[in-house]
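Chemist:
There are 2 protein chains.
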Amino acid sequence: MAQQDKKLVEAITPMDEDFAQWYTDIVKKAELIDYSSVRGCCVLRPYSYAIWENMQKILDGMFKETGHQNVYMPMFIPESLLQKEKDHVEGFAPEVAWVTEGGGKKLEERLCVRPTSETLFCEHYKNIVHSYRDLPKLYNQWCSVVRWEKTTRPFLRTMEFLWQEGHTIHETSEEAVAETERMLNVYARFYEEFLAIPVLKGRKTEKEKFAGAVATYCIEAMMHDGKALQAGTSHYFGDGFAHAFDIQFQGRDNTPQYPFQTSWGMTTRTIGAIIMTHGDDSGLLLPPAVAPVQVMVIPVAQHKAGVLEEARRVREKIGAVCRADIDESDNSPGWKFAEHEMRGVPLRLELGPRDIEKGQCVLVRRDTREKAIVPLDALETEIPRLLGAIHDEMFRRAKENRERRTFEARTLEELIRLAETESGYIKAMWCGDTACEEALKEKAGVTSRCIPFEQEHLCDTCVCCGKPAKHLVYWGKAY
Amino acid sequence: MAQQDKKLVEAITPMDEDFAQWYTDIVKKAELIDYSSVRGCCVLRPYSYAIWENMQKILDGMFKETGHQNVYMPMFIPESLLQKEKDHVEGFAPEVAWVTEGGGKKLEERLCVRPTSETLFCEHYKNIVHSYRDLPKLYNQWCSVVRWEKTTRPFLRTMEFLWQEGHTIHETSEEAVAETERMLNVYARFYEEFLAIPVLKGRKTEKEKFAGAVATYCIEAMMHDGKALQAGTSHYFGDGFAHAFDIQFQGRDNTPQYPFQTSWGMTTRTIGAIIMTHGDDSGLLLPPAVAPVQVMVIPVAQHKAGVLEEARRVREKIGAVCRADIDESDNSPGWKFAEHEMRGVPLRLELGPRDIEKGQCVLVRRDTREKAIVPLDALETEIPRLLGAIHDEMFRRAKENRERRTFEARTLEELIRLAETESGYIKAMWCGDTACEEALKEKAGVTSRCIPFEQEHLCDTCVCCGKPAKHLVYWGKAY
């Protein structure tokens, strides 16, 4: 590698030295975001937006397969509408942005820029749901929302972010609960099968659940540094919103009844999860399923007769089995290698004059750096196989990191010591009292990540108060 | 048709009786929109959002084919940023919504909810454009914008609407002008080849151009009632924004230079254009290319053994060549015919027990009501052919309507009389003075729609002042 080729890589702070700075370096240098003069808002540059588009395409397909339809609601919520559900407004009012002037005049009623759209969906349901025949409605919306966060960080916590919010309404509570679980499973499958990120499935405690929900289910992912990231949530509302918004339908027995609702969301913070799960000191590593470029063709000695032409032909050919691009810039091959490594392209295809003579090329994996000499006429089978292998290896490593960083505590002392010396999940039993949750936050700096669906029995008593334990809980520090 | 089947249709006001009410009836009854408690904002229901998604897919493909990349900018613009380009802020400031409070506090600087994003793109360009090697940047964004309109109407003029806004930046003015023209042609092709709506291509007058633009190009469509609709615009900015935002790059000769910019946009008002161009007294008629359902399968006598099964089989089979759906509800066939006519499904496929015996079905065109008996094994060729024929017939009718409603005026009296007695375009010569444009607005109630690229010479003098004429202009009343 020439001196100038190294510079690009050296500009990224090593993760062990300063994980936060490593993250910031990557989002800037891989050209994922640009900062704007609007506090806490980022520009999503073409490379990160293309990742988001690939994620959207997969998720949207999964939503439609499970019977959902897309709609679009207004971005403004009148204050009186936001206030209809008591818990909901309490949870969100402190962090909303208010429009108070429009068209040169002060408004009679403030409009909040949507932090989430339950209230708007409820208003709409009230208009369109009259009979059990109108149920269920299985809706989803792709949009941006605004939450006035105090401290922000690209992708992970921004004042405005892109997301999808599913909102469904059902005849019975059983159907609504089944929907809540179904969509949590869709999220889990998306994270594991497409992003190569293993997730824990579970339920949030009362303290951590969504404002207005009866129950919040979640998937939790663990980042490379051992911190947790809430990756997706699915809420069961019971008929609380229906009562607050007076949504009733004529039931099968001709009596008026209240319907049951759910909502579920996933956001651009998922891009942050990808960076912090798979990235390394050379930069990004993108899961093949969402990488804008899966294979980057790099001509070697491209000034020599026929090299560029053959490289273009190869790129064209493999375009049938993957998202391929070619780097024809006049940078040196070493510079190009470092740049596309940094941008996390899963596979690199090197093609020089001698390769062309022999009818072969070199494929280099971004994850293991393994090189393979592959005949050009085997690329259409070899590339999909390697992309699959890269996905599997990424998932294996992420799972290994999670296992290595998952600990057990049976006493408060153990938990406090683990929270001080290690970074990761701490499994410990809990009595179910919010007081103990708050005590653990204060004494050990950890929050409950979730009550996992797969319960274990570590011991009989709450790690905090010693009273009989009700659940195993994963505790940790979170983004 | 049974009595109850008729009711559905009779509920739509005939267009000749009250065109505005006809339009309102359709948007509600075809379940395109729902009104919300937010003034001037509509809910886009699944049916209209699916039309928008189909339009997005086609347009996004056309943008990517022409080398554009998608990005996402913040939805807020700090007041100081909006004010940097003088003409631009003058044009938009009166119709913006202001966020003045966030996170429970009054903001030090107001944030406007984007009415359009030129200023944000300029701020970003300043960060990322340093050398001619960084040019061009060909960006596009899909998002919603807010303009505080006084009177609103679903799709045509709403306070918030969905759109795409392309923003590009170039080394030379020639390149930027070519881009402005290229994207206008993309819009024209989209309208004519996919929406079956003929358009006029031309340039806006100084009075009608975009705030901050050197020149605004447009496509204009004519609605069924003879009123014009601005269907898409493409703006050339010269280097005005670059100067205002101090964007400079190092040129090929190593000197600092100002780049040249464009922007171009198309919105959900296009759905309004579809309704008002193709609809009739039975309801909507959707262009096959964007219809969420292209063929609706309607089982006749579906209670008879084997009918539903065969109808499902047919639907499955034709799914390979079109977007097909099946109506299995327990409404009568007559009710279903009326409902899917009203919703504008281009083709209806009727299948009853006798059809099944004979291995055939009945295809009914929504545009001409022509019925054809088609062998089931010919559907895969016959359906695409018919969808193509429907598109062509829709385009032909729309063009005929436009031709029938295009008039010529050589004197002011002629123009005033035409504006009073007819509804449509009036072609007339113009001297180029804004004073005459304003006089025509006052005296005849018409505005300049565009200076068409295809000029004609009707006479030598301005229709208003009698001075030498510079251009032929299309005048009319517009939505």
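Heads up: the protein sequence lines correspond to chains Z and H, in order.
Take the first sequence: its position 451, counted from the start at 1, is 766 in the working numbering, and no numbers get skipped.
Take the second sequence: its position 459, counted from the start at 1, is 774 in the working numbering, and no numbers get skipped.
We put the beta carbon where it would ideally sit given N, CA and C, even for glycine.
1) Strictly below 7 Å CB to CB, what residues from chain H border Thr548 (chain Z)?
2) Along the stretch 387 to 421 of chain Z, where does the CB come closer than 7 Å to a CB of chain H? Name the residues.
3) Given Asp748 (chain Z), which residues of its chain have a CB within under 6 Å of its CB, disregarding the five upstream and five downstream residues?
4) Is the beta carbon of Ala511 (chain Z) sitting closer than 8 Å to the one on Ala713 (chain Z)?
5) Looking at Ala687 (chain H): is its Cβ nearer than 8 Å to the Cβ of Leu678 (chain H)?
6) Can you have a look at Asn569 (chain H) and say buried or exposed, based on whether 16 or more other CB atoms are within 10 angstroms of its CB?
7) Could you tell me the boundaries of the alpha helix (DSSP H) in which Glu416 (chain H) lies?
8) Below 7 Å between beta carbons is the criterion; list the residues of the stretch 623 to 651 of chain H that meet it against any residue of chain Z, in chain order.
9) Comparing alpha-carbon positions, which option in Z:Pro603, Z:Pro607, Z:Asn646, Z:Ala635 lies nearest Pro614 (chain Z)?
10) Return the chain-ordered list of same chain residues with a C-beta closer than 7 Å to the C-beta of Ala559 (chain Z), the five sequence neighbours on each side being excluded.
11) What residue range does the alpha helix (DSSP H) around Val460 (chain H) cover?
12) Taking only beta-carbon atoms, is Asp449 (chain Z) less than 8 Å away from chain H?
13) Return yes when the Cβ of Leu662 (chain Z) is within less than 8 Å of the Cβ of Gln617 (chain Z), no when it is not.
14) Could you tell me if Ser432 (chain H) is buried or exposed, where buried requires 16 or more neighbouring beta carbons within 10 angstroms of its beta carbon?
15) My understanding is that Ile741 (chain Z) touches Arg518 (chain Z), with C-beta atoms under 8 Å, so please give their C-beta distance in whole angstroms.
16) At a threshold of 7 Å, does Glu346 (chain H) count as lining the ligand GDP (C-beta to nearest heavy atom)?
17) Taking all protein chains shown into account, do 16 or more other C-beta atoms lie within 10 angstroms of the C-beta of His445 (chain H), making it buried, or fewer, making it exposed?
18) Which partner residues does Lys516 (chain H) have in the DSSP bridge list?
19) Going by other Cβ atoms of all chains shown within 10 Å of its Cβ, with 16 needed for buried, is Pro783 (chain Z) buried or exposed?
20) Considering only residues of the same chain and omitting the five flanking positions on each side of Phe378 (chain Z), which have a CB-CB separation below 6 Å?
21) Would you tell me roughly how many angstroms separate the C-alpha atoms of Gly831 (chain Z) and Phe407 (chain H), rounded to the nearest one?
22) Which residues, in chain order, does the stretch 431 to 448 of chain H contribute to contact with chain B at a C-beta distance below 8 Å?
23) By alpha-carbon positions, which one of Z:Glu438, Z:Phe575, Z:Asn385 ends up nearest to Tyr350 (chain H)?
24) Sort out for me which residues DSSP pairs Ala526 (chain H) with in a bridge.
25) What do you get for Ser459 (chain H), buried or exposed, if any count of 16 or more other CB atoms within 10 angstroms of its CB means buried?
26) How is the beta strand (DSSP E) around Thr721 (chain Z) delimited, first residue to last?
27) For the alpha helix (DSSP H) that Arg663 (chain H) lies in, which residues bound it at each end?
28) Could you name the residues of the stretch 334 to 363 of chain H whose beta carbon sits closer than 7 Å to any beta carbon of chain Z, in the order they occur along the chain?
29) Anything in chain Z within Cβ reach of Gln565 (chain H), meaning under 9 Å, just list it in chain order.
30) Does the separation of the CB atoms of Lys452 (chain Z) and Thr483 (chain Z) fall below 8 Å?
31) Just verifying my parser: in three-state terms, what is the DSSP assignment at His482 (chain Z)?
32) When burial is assigned at 16 or more other CB atoms within 10 Å of the CB, is His485 (chain H) buried or exposed?
33) Nearest-angstrom Cα distance between Glu521 (chain Z) and Ala528 (chain Z)?
34) How many angstroms separate the CA atom of Met316 (chain H) from the CA atom of Glu656 (chain H)?
35) Quick one: which residues of the stretch 475 to 492 of chain H get their C-beta closer than 7 Å to a C-beta of chain Z? List them in chain order.
36) With DSSP run on the structure shown, which of helix, strand or coil describes Ala511 (chain Z)?
Modeler: In this structure, then:
1) Against chain H, a Cβ distance below 7 Å from Thr548 (chain Z) picks out nothing, because the smallest value is about 22 Å.
2) The residues in question are Tyr387, Met388, Pro389, Met390, Phe391, Pro393, Leu396, Pro409, Glu410, Ala412, Trp413, Val414, Thr415, Glu416, Gly417, Gly418, Gly419.
3) Hits under 6 Å: none found.
4) Contact flag set, yes.
5) Yes. Within cutoff.
6) So Asn569 (chain H) ends up on the exposed side.
7) No alpha helix (DSSP H) contains Glu416 (chain H), which is instead part of the beta strand (DSSP E) from 412 to 417.
8) Closer than 7 Å at the C-beta level to chain Z, one finds no residue of the stretch 623 to 651 of chain H.
9) Checked all of Z:Pro603, Z:Pro607, Z:Asn646, Z:Ala635; the closest Cα to Pro614 (chain Z) is Z:Asn646.
10) So the qualifying residues of the chain are Lys399, Glu400.
11) Annotation: Val460 (chain H) is outside any alpha helix (DSSP H); the continuous beta strand (DSSP E) that includes it extends over 452 to 461.
12) Answer no: the Cβ-Cβ gap between Asp449 (chain Z) and chain H never drops below 8 Å.
13) Annotated as distal: Gln617 (chain Z) and Leu662 (chain Z), with beta-carbon spacing of 8 Å or more.
14) With 16 or more Cβ atoms within 10 Å of its Cβ, Ser432 (chain H) is classed as buried.
15) Going by Cβ atoms, the distance from Ile741 (chain Z) to Arg518 (chain Z) rounds to 18 Å, so no, they are not a contact pair.
16) Looking for the ligand GDP in the displayed structure turns up nothing, as the structure carries no ligands at all.
17) Exposed is the call here.
18) According to DSSP, Lys516 (chain H) bridges with H:Ile534.
19) Classification for Pro783 (chain Z): exposed.
20) So the qualifying residues of the chain are Asn455.
21) Because chain Z spans 316 through 794 in this model, residue 831 (chain Z) falls outside it and cannot be assessed.
22) The question asks about chain B, but that chain is absent: this structure's protein chains are Z and H.
23) Nearest neighbour of Tyr350 (chain H) by Cα position, chosen from Z:Glu438, Z:Phe575, Z:Asn385, turns out to be Z:Glu438.
24) Paired residues: none, contrary to the question.
25) The residue in question, Ser459 (chain H), is buried, as its Cβ has 16 or more Cβ neighbours within 10 Å.
26) Per DSSP, Thr721 (chain Z) belongs to the beta strand (DSSP E) from 721 to 723.
27) No alpha helix (DSSP H) contains Arg663 (chain H), which is instead part of the beta strand (DSSP E) from 662 to 666.
28) Residues of the stretch 334 to 363 of chain H that bring their beta carbon within less than 7 Å of a beta carbon in chain Z comprise Asp349, Ser351, Ser352, Val353, Cys356, Val358, Leu359, Arg360, Pro361, in sequence order.
29) None at all; the shortest Cβ gap to chain Z is about 17 Å.
30) A contact, by the Cβ cut-off of 8 Å.
31) If DSSP states are grouped into helix, strand and coil, His482 (chain Z) belongs with the strands.
32) In summary, His485 (chain H) is buried, with 16 or more beta-carbon neighbours lying within 10 Å of its beta-carbon over all protein chains present.
33) Linking Glu521 (chain Z) to Ala528 (chain Z) through their CA atoms gives a straight-line distance of about 9 Å.
34) Residue confidence for Met316 (chain H) is low, a pLDDT of 40 falling below 50, so the modelled location carries little weight and cannot support an answer.
35) For the stretch 475 to 492 of chain H, which is checked against every Cβ of chain Z, the residues closer than 7 Å are Glu475, Leu477.
36) Here Ala511 (chain Z) sits in coil by DSSP.
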